[in-house]
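Some notes on the structure that comes next.
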Amino acid sequence: MSTETTPKIRAVIVDDEDLARQILREFLSSHPEIEIVTECSNGFEAVKAVAELKPDLAFLDIQMPKLDGFEVLELIGNDTAVIFVTAHDNFAIRAFEVHAVDYLLKPVSAVRFEAALKRAKERLEGKAPANPTSAADLAAAARPPAQYLERIPVRDGSRVFIIPVAKLDYVEAQDDYVALASEGKKHLKQQTIASLETSLDPSRFLRVHRSYIVNLERVAKIEPYSKDSHVAVLTSGAQLPVSRAGYTRLREILDR
Amino acid sequence: MHPLLGQLRRVLLYLVAWAPLAALLAYLLSMTRQIRPVEAAVLAVPLCLFYAFFCLSAWYPCRTTPVDRTSFEKLLMTHLGGALVAAGVWTFTAWLLAWILSSSINSFHTLTERLLPQLPLVLVTGILLYLLSVFFYYVLIALEASRTAEARVMQMSILAREAELKALKAQVNPHFLFNSLNSISALTSSDPAKAREMCILLGDFLRRTLGLGEKSAIPLEEEMSLIHAFLAVEKTRFGARLQMEETIAQDSLSVDVPPLLLQPLIENAISHGIANLVEGGWIHLNVGCENGSVSIVVENLFDPEAPMRRRNGVGLANVRQRLHTRYGNRSTFAAGAEGDRFRVAITLPAGKMSEREVSAT
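Chains A and B are the protein sequences, given in the same order.
One point on numbering: in my numbering, the residue at position 149 of the first sequence is 149, and numbering is uninterrupted.
One point on numbering: in my numbering, the residue at position 184 of the second sequence is 184, and numbering is uninterrupted.
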């Protein structure tokens, strides 16, 4: 036994159809350098598996139960290289914008599969630099215009929470993270407040402060705080600082 | 918008139509021999020219009192009132004109006095001419209405045809094909016999959909066998996750339905329902037939929190439109979610192929 064997590339396969997983398994069987650590049949399982097993490579279907492929990618971060495998050709541009390694179309050809695998290996060997931008920021930038988020997936360890935007009270910036306040709880997500702001419907959410976005439906009243600033009191009782610019924008919307 | 004004050609034609009327009036006036033909003509021509323009206004009461939606009394009141006012004005104008002529031109001396006994005749002519133009406008409105109705029927049939074509084109969802081919590709090495079977099922389904383009209706039984071919393919992909249950009344099997009306509903239930459920789920199809109408209900489980899919609703909207253009108010369509169930219910009149053939011969 040689001790100098390079470590195997650890891969997960995520697809809700058994046969679709089977063909990827078959293609990978001729690659002893790749180890399939697990297979998942939905988005939740995939996020959990990636969080726990930290694979190098993930084959991701796009349309799946619970979370779609893009939401999974957003939650698992940049450390796992992702190859999308789907029957839909209309997500390709978006896939590359979120820095997927490749985009395979079903039915999957062996030649294309090999090419994708080669690219994945190059990425893993560090020939292509890892992207410093967070996966959620990339996903926000890749969102089709005029289509706003209906729900925000967040991950806590290996658990996934889905926050419907209607249940989101406010968002608070915390360094590289945002804290999402919903139903009395706060969920942390690695994303900048500016990129989240662009994904939220501006008729429902407003940036009232450098560090705060508020759900307009939750604003109970606005009170003066100091000479130049105000506080927004939410129906939940929470108080958010409102900057001068934020106050002007808020008045504009509330007076309408 | 007035139908005559605004187009010079129409106004000219209208005035030409008044020429014989002016001649008639001049003839009537000169019949009594009190008024000379020259005098009658000089009176009648400008008078008719004036009245021709005056009667253009008859269009407005005609438009506001459509003949088929107004009581007879109201019609009579409106137009007789209008006629009296118009004829009054016209008679007064006639007298004024005669007065001007008799006082300014020597040879027309005493024309006013000689016209006086003719004024009742002028008044009656005025009333008749006004009523004539009312009648003319009503004919015009009726013509316009029948033309728009015709255009609408054309428009409707084009829409119906478009909906049908769109439905047929949308039928074989390419993603269904791509996914099925991927499954076959997976099976070729692990289970060649199964792969072959799936090729045959897929071929069977495609062949059935191909032949449907020319048909405007098929018996429900045929649509059901198409659905079965479709489900057989999807079963291979989804396995135990897909459970289908059918309750079909025997007498509804021979009823005519537009081709590929139900298949999109089942496809919708799979792609927006079953495909989003980790453990899969059921689809219930219920078809009943009573009081001359068929009721079809497709119910399926779905995940209300599932990520949104792009095609959502397109298939349903298409079915709704096809039903509407084909059957109008004789069909109903309702779709909606209730908790974790999605339900589409449609009813359509129960026609049968055999009956149509009988009535056609």
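Heads up, the beta-carbon is just placed ideally off N, CA and C, and yes, glycines get one too.
**OP:** Answer yes or no: do A/D18 and A/K54 have a C-beta to C-beta separation smaller than 8 Å?
**Re:** no
Original post:
In three-state DSSP terms, what is A/K185?
Top reply: strand
**OP:** Report the partner residues of B/G288 according to the DSSP bridge assignment.
**Re:** DSSP, once it has assigned bridges, lists B/S295 as partnering B/G288.
Original post:
For B/D303, which residues in chain A fall below 9 Å Cβ to Cβ?
Top reply: Within chain A, the residues whose beta carbon sits less than 9 Å from that of B/D303 are P65 and K66, listed in sequence order.
Subject >> Proximal residues to A/D61 (C-beta, below 8 Å), its chain only, five neighbours per side dropped >> reply: V14, D15, D16, E17, A20, G69, F84, V85 and T86
**OP:** Specify whether the region 336 to 352 of chain B and the region 253 to 271 of chain B touch according to this definition: at least 3 beta carbon pairs, one from each stretch, less than 8 Å apart.
**Re:** yes
Original post:
Using CA coordinates, which residue listed in B/L29, B/W282 and B/A87 is at the minimum distance from B/F238?
Top reply: B/W282
Original post:
Which term fits A/S2, buried or exposed, when burial requires 16 or more other beta carbons within 10 angstroms of its beta carbon?
Top reply: Note that A/S2 scores 46 on pLDDT, short of 50, meaning its location in the model is unreliable and no value can be drawn from it.
**OP:** Please confirm if A/H31 has its CB atom under 8 Å from at least one CB of chain B.
**Re:** no
Original post:
Once you ignore the five residues that flank B/F54 on each side, which residues in its own chain have a CB closer than 8 Å to its CB?
Top reply: Correct list, in chain order: A86, V89 and W90.
Original post:
How far does the alpha helix (DSSP H) with B/K235 in it reach, from first residue to last?
Top reply: L220 to F238
**OP:** Output, in chain order, the set of chain B residues within a Cβ distance shorter than 8 Å of A/D18.
**Re:** G239
**OP:** Check the Cβ-Cβ distances between B/V278 and every residue of chain E, and say whether any is below 8 Å.
**Re:** Judged by its chain identifiers, the structure shown contains no chain E, and its protein chains are A and B.
Original post:
Mind checking if A/V108 is an interface residue toward chain B, Cβ cutoff 8 Å exclusive?
Top reply: Residue-level contact check: A/V108 touches chain B, since one or more beta carbons of chain B fall below 8 Å from its beta carbon.
**OP:** In the DSSP assignment, find the unbroken alpha helix (DSSP H) run with B/Q263 in it and report its ends.
**Re:** Q263 to N268
**OP:** Could you tell me whether the Cβ of A/H230 comes closer than 8 Å to any Cβ of chain B?
**Re:** no
Subject >> Own chain partners of A/K224 with C-beta closer than 6 Å, once the 5 adjacent residues on each side are dropped >> reply: Note that residue 224 of chain A corresponds to Pro in the displayed sequence, not to Lys. Excluding positions up to five away in sequence, the list reads H230.
Original post:
What do you reckon, are the CB atoms on B/G280 and B/F342 nearer than 8 Å?
Top reply: no
**OP:** Please compile the residues from chain B whose C-beta is within a distance smaller than 8 Å of the C-beta of A/E26.
**Re:** In chain order: A186, S189 and S190.
Subject >> chain B residues whose Cβ lies nearer than 7 Å to that of A/I13 >> reply: Near A/I13 there are no residues of chain B at all, since even the closest Cβ is about 12 Å away, more than 7 Å.
Original post:
Roughly how many angstroms lie between the CA atoms of B/V314 and A/I213, to the nearest whole one?
Top reply: Between the alpha carbons of B/V314 and A/I213 lies a distance of about 34 Å.
Original post:
At a Cβ threshold of 8 Å, is B/A193 touching chain A?
Top reply: no
**OP:** Report the rounded CA-to-CA distance for A/V233 versus B/N300, giving the unit in angstroms.
**Re:** 43 Å
**OP:** Can you grab the Cα-Cα spacing for the pair B/R326 / A/L105, in whole Å?
**Re:** 38 Å
Subject >> Between the CA atoms of B/I218 and B/T361 - distance to the nearest angstrom >> reply: At B/T361, the pLDDT of 34 sits below 50, so the modelled position is not reliable; the number obtained from the coordinates is stated separately. Taking the straight line from one Cα to the other gives about 19 Å.
Original post:
Could you check where the alpha helix (DSSP H) with A/D137 kicks off and where it finishes?
Top reply: A/D137 -> alpha helix (DSSP H) spans A135 to A142.
Subject >> Helix, strand or coil at A/F91 [DSSP, three-state] >> reply: Three-state DSSP puts A/F91 in coil, outside helix and strand.
**OP:** Note down, in chain order, each residue of its chain lying with its Cβ closer than 6 Å to the Cβ of A/K66, except the 5 sequence neighbours on either side.
**Re:** Same-chain partners within the cutoff: N42, G43 and F44.
Subject >> Length of the line joining the Cα atoms of B/A83 and B/V67 >> reply: 17 Å
Original post:
Can the beta-carbon of A/L250 be found closer than 8 Å to that of A/L206?
Top reply: Cβ distance < 8 Å, so A/L250 and A/L206 count as in contact.
Original post:
The beta strand (DSSP E) spanning B/I100 covers which residue range?
Top reply: Premise fails: B/I100 lies in the alpha helix (DSSP H), F72 to S104, not in any beta strand (DSSP E).
**OP:** Please name the residues in the region 37 to 53 of chain A whose beta-carbon is closer than 7 Å to at least one beta-carbon of chain B, in chain order.
**Re:** Within the region 37 to 53 of chain A, the qualifying residues are S41 and N42.
Original post:
To which residues of the same chain is B/A40 closer than 7 Å at the C-beta, ignoring the five residues directly before and after it?
Top reply: The beta carbon of B/A40 lies closer than 7 Å to those of A26, L29 and S30 in the same chain, with the five residues before and after it left out.
Original post:
Does A/H187 get closer than 8 Å to chain B when you measure Cβ to Cβ?
Top reply: no
Original post:
What number of angstroms, rounded off, separates the C-alpha of B/R330 from the C-alpha of B/V153?
Top reply: 17 Å
Subject >> A/L57 to A/V108 span [Cα, whole Å] >> reply: 17 Å
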